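The opening position of the sequence shown corresponds to residue 11 in this note's numbering, with each subsequent residue numbered one higher.
Data block below; observations after.
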Amino acid sequence: MNLSEQDRHIITSAIRDVPDFPKPGIIFKDITTLLGDKVAFATLMDHLAHRYGGYGLDYVAGIDARGFIFGAALAQMLGVGFVPVRKKGKLPYTTVSEKYSLEYGFDEVEIHIDAFDGTPNARVLLVDDLIATGGTAYAAANLIQKSGGLCVEACFVLGLDFLDGQRKLAELTSVYRVIGVE
Ligand code: AMP
11 MNLSEQDRHI ITSAIRDVPD FPKPGIIFKD ITTLLGDKVA FATLMDHLAH
61 RYGGYGLDYV AGIDARGFIF GAALAQMLGV GFVPVRKKGK LPYTTVSEKY
111 SLEYGFDEVE IHIDAFDGTP NARVLLVDDL IATGGTAYAA ANLIQKSGGL
161 CVEACFVLGL DFLDGQRKLA ELTSVYRVIG VE
């Protein structure tokens, strides 16, 4: 399902660039302005619901924290379950976890061990707001497989196309970003 130029413009112009956040040299893509714009938010979610309506999904998994917003809204529109992929230490029950490297040091994401137990070979769509280096999404896609799901695609509102993240993630799953940032 292609995005019309008009819809692409509606979505792109609702996202705010914040220079030098959280540190000098980073242009932070602020999606709170998109969420607050009912037309832009609906345009995005309608596009995603059309795209994924025919995928035969069982779950949408969203990455902590902005992936929860888009992921949960999409799951509800598609009539499937939502599964949170959380930063370490937040989930109350038994978890499966995956470490990944950051610029300096490591981070870790977790998923409940029984997240997909209701559906053998569950077809799962992974969702986050943005893919940069791809480290977070790569770890999350691995977690989905480890806990018995099949990650059929990873979907992002924005992709920083000048970084290598999408190519790396494509080793694990299909990748789709709505808007590419050059
Ligand atoms: P990465 O693991 O490098 O792909 O980083 C992706 C995660 O960091 C996502 O959850 C994004 O929300 C966040 N992120 C990284 N870079 C940016 C940016 N320039 N603007 C907004 N969020 C970002």
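Don't be surprised by glycine CBs; every beta carbon is placed ideally from N, CA and C.
Source: prediction; values computed, not measured.
Notebook entry, point to check: Expressed to the nearest angstrom, what Euclidean distance is found between the alpha-carbon atoms of D270 and T53?
Noted result: Because residue 270 is not part of the residues shown, which for the chain are 11 to 192, the question remains open.
Next item on the list: Counting only the same chain and skipping the five closest in sequence on each side, list residues whose C-beta sits under 6 angstroms from that of G91.
Entry: What you label residue 91 is simply residue 81 of the sequence shown in a count that begins at 1. Closer than 6 angstroms at the Cβ level, and outside the excluded window around G91, lie Y69.
Notebook entry, point to check: Can you tell me whether DSSP reads I41 as helix, strand or coil?
Noted result: Looking up residue 41 in the sequence shown gives position 31. Correct three-state label for I41: coil.
Item checked: Among G190, D124, F116, the one whose alpha carbon lies nearest that of P102 -> On the sequence shown, residue 102 is found 92 positions in, with the first residue counted as 1. Comparing Cα-Cα distances from P102 to each of G190, D124, F116, the minimum goes to D124.
Note to self: Measuring only from the beta carbon, is L44 closer than 8 angstroms to any heavy atom that is part of the ligand FAD?
What the structure shows: Looking for the ligand FAD in the displayed structure turns up nothing; the ligands present are the ligand AMP.
Item checked: Helix, strand or coil at S23 according to DSSP, with G and I counted as helix -> One-based indexing of the sequence shown puts residue 23 at position 13. The answer is helix: DSSP assigns S23 an H, G or I state.
Check: Using a Cβ-Cβ distance under 9 angstroms, would K109 count as near chain B?
Finding: No chain B is present in this structure, which holds just one protein chain.
Check: Going by the beta-carbon positions, is the gap between V167 and L67 smaller than 9 angstroms?
Finding: Numbered from 1 along the sequence shown, position 157 holds the residue referred to as residue 167. Numbered from 1 along the sequence shown, position 57 holds the residue referred to as residue 67. No, the Cβ-Cβ distance between V167 and L67 is not below 9 angstroms.
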